[in-house]
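Peer 1: Numbering (the numbering used here), first residue to last: 4 to 291.
Each residue gets a CB set at the ideal place from its N, CA and C atoms; glycine is no exception.
I'd like to ask some things about the structure below.
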Amino acid sequence: MRIVASLNAMQRLALRWKRAGTRVALVPTMGYLHEGHASLIRRARREAGPRGKVVVSLYVNPTQFAPTEDLSRYPRDFLRDRALCRRMGADALFFPSDAEMYPGRDQGRYSTYVVEEALTRPMEGASRPTHFRGVTTVVAKLFNLILPDISIFGAKDWQQAAVLRRMAADLNFHGRIVVSPTIRERDGLAMSSRNAYLTPAQRKQAICLWNAIREARRIIRSRGRSVPCSSLVRTLSRGIELNPEAKIDYLAFFDPETLVPATRVGVGTHFALAVRVGTTRLIDNARI
Ligand code: AMP
4 MRIVASLNAM QRLALRWKRA GTRVALVPTM GYLHEGHASL IRRARREAGP
54 RGKVVVSLYV NPTQFAPTED LSRYPRDFLR DRALCRRMGA DALFFPSDAE
104 MYPGRDQGRY STYVVEEALT RPMEGASRPT HFRGVTTVVA KLFNLILPDI
154 SIFGAKDWQQ AAVLRRMAAD LNFHGRIVVS PTIRERDGLA MSSRNAYLTP
204 AQRKQAICLW NAIREARRII RSRGRSVPCS SLVRTLSRGI ELNPEAKIDY
254 LAFFDPETLV PATRVGVGTH FALAVRVGTT RLIDNARI
């Protein structure tokens, strides 16, 4: 597996692969890899085929963090990540620096961003107003540098995947976007690099997100018909708030493709939630 640190080297490698007709699958990550990322890399390996190339990018993208967020303490472990990528059969690990990705940004000499203006509005976009601008910008840059035929994203970040699909379609990026299922801990907590922030007591309470998903499913299935969104939100909120360190950011029900908010919830409605447990903000989502 090659470690590619410079943008120039990455672009040259990508062009060489393109000219040779080699299929390239990309898995963008911020590192501190876990089994959720591993499942994306395995999927990329399958999609690329035996003669194709799998690139994992490892970059903690500063533009998707607000100044008040956890950029400086975001967990990092390059050696462990490199070993996992090797084990999963990646061909290249793209590991760029801030200085090359956003040259002169601190001096105001970086000024081009990609903005999606509809799907980014609710949920994560409402809570983190500059977040998706950073995500779409960095992913557009990765697409230009790596020229992937296929890119794998996790269903864990459902809204992000929808936004990136829209961006790729609107800006005519070549290549397909695949969304791969959420991988969970044994008790149901969605795997996340940020779970490392949780104290043992908070880790126990963090299961409240998965419990809310299960409870929503149970209610809808047992009623056998759709339920008004507002009453379901009230019921689920009460369950979450039983946890002393849990603070709800949002509970949202919506159409899985368009992200348009639902007024009633039935089988097939999508549910996403964000909850702060202590100082750690956790998100999850699932089909009801
Ligand atoms: P991150 O490193 O958290 O930015 O995530 C990189 C990619 O991995 C994104 O496409 C995420 O949606 C995906 N991902 C993160 N956690 C999981 C998980 N538990 N299961 C599946 N995919 C995940």
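1. Taking Cβ to Cβ, would you say ASN64 is nearer than 8 Å to GLY157?
2. For chain C, find out if any of its Cβ atoms is closer than 8 Å to the Cβ of SER75; answer yes or no.
3. Between LEU235 and LEU10, is the Cβ-Cβ spacing less than 8 Å?
4. Return yes when at least one heavy atom of ligand 1 lies under 7 Å from the C-beta of HIS134, else no.
5. Any idea what DSSP makes of GLY92, helix, strand or coil?
6. Rounded to whole angstroms, what is the Cα-Cα separation between SER195 and GLN162?
7. Would you kindly check if the distance between the Cβ of LEU74 and the Cβ of PHE68 is under 8 Å?
8. Mind checking who TYR253 pairs with in its DSSP beta bridge?
9. By the three-class DSSP mapping on this structure, what secondary structure does ASN198 have?
10. Give a single yes or no on whether PHE156 has its beta carbon closer than 7 Å to a heavy atom of ligand 2.
11. Residues bridged to VAL142 by DSSP?
12. Quick one: grab the DSSP three-state call for PRO231.
13. Do you know offhand how far ARG237's Cα is from ALA249's?
14. By Cβ distance, which residues of its chain are closer than 8 Å to GLU38, with the 5 residues on each side in sequence left out?
15. Please return the same chain residues whose Cβ sits closer than 8 Å to the Cβ of ASP80, not counting the five positions on each side in sequence.
16. To the nearest angstrom, report how far apart ARG49 and THR140 are at their CA atoms.
17. For ligand 1, is there any heavy atom lying closer than 7 Å to the beta carbon of LYS159?
18. Is it the case that the Cβ atoms of PRO215 and LEU262 are separated by a distance below 8 Å?
19. Just the C-alpha distance for ASN198 and ARG206, rounded to the nearest angstrom, thanks.
20. Taking the beta carbon of LEU212 as the centre, do at least 16 other beta carbons fall within 10 Å, making it buried, or is it exposed?
21. What span of residues does the alpha helix (DSSP H) with ARG26 cover, start to end?
22. Is the beta carbon of LEU122 less than 8 Å from the beta carbon of PRO31?
23. For the stretch 170-177 and the stretch 12-25, state whether three or more C-beta atom pairs, one from each stretch, are separated by less than 8 Å.
24. Please list, in chain order, all residues of the same chain as SER240 whose beta carbon is under 7 Å from its beta carbon, the five residues on each side excluded.
25. State the DSSP-derived secondary structure class of SER240, mapped to helix, strand or coil.
Peer 2: Considering the structure as presented:
1. Taking C-beta atoms as the reference points, ASN64 and GLY157 fail to come closer than 8 Å.
2. Of the chains in the structure shown, none is chain C; there is only one protein chain.
3. Not closer than 8 Å, so no.
4. For ligand 1, not one heavy atom lies less than 7 Å from the Cβ of HIS134.
5. If DSSP states are grouped into helix, strand and coil, GLY92 belongs with coil.
6. Looking at the backbone, the Cα of SER195 and that of GLN162 are separated by about 16 Å.
7. Yes, the pair counts as a contact, with Cβ atoms nearer than the cut-off.
8. Answer by DSSP bridge pairing, in chain order: ALA277.
9. Helix, per DSSP.
10. Within the structure as shown, ligand 2 is missing, the only ligands being ligand 1.
11. By DSSP's assignment, VAL142 forms no beta bridge with any residue.
12. Reduced to three states, the DSSP call for PRO231 is strand.
13. If you take the alpha carbons of ARG237 and ALA249, they lie about 15 Å apart.
14. For GLU38, where only same-chain residues beyond five positions count, the Cβ hits under 8 Å are ILE186 and MET194.
15. In the same chain as ASP80, and ignoring 5 residues on each side of it, the C-beta atoms closer than 8 Å to its own belong to GLY34 and TYR35, in chain order.
16. Approximately 27 Å between the Cα atoms of the pair.
17. Checking the 7 Å criterion, the Cβ of LYS159 is within range of a heavy atom belonging to ligand 1.
18. Before going further, note that residue 215 is Ala rather than Pro in the sequence given. Result no, Cβ atoms of ALA215 and LEU262 do not sit closer than 8 Å.
19. The C-alpha of ARG206 is placed about 8 Å away from the C-alpha of ASN198.
20. So LEU212 counts as buried.
21. Here ARG26 belongs to no alpha helix (DSSP H), and DSSP marks it neither H nor E.
22. When the beta-carbon positions are compared, LEU122 and PRO31 stay at least 8 Å from each other.
23. Touching, no.
24. Cβ within range, chain order: ILE251 and LEU254.
25. Here DSSP, grouped into helix, strand and coil, assigns SER240 to helix.
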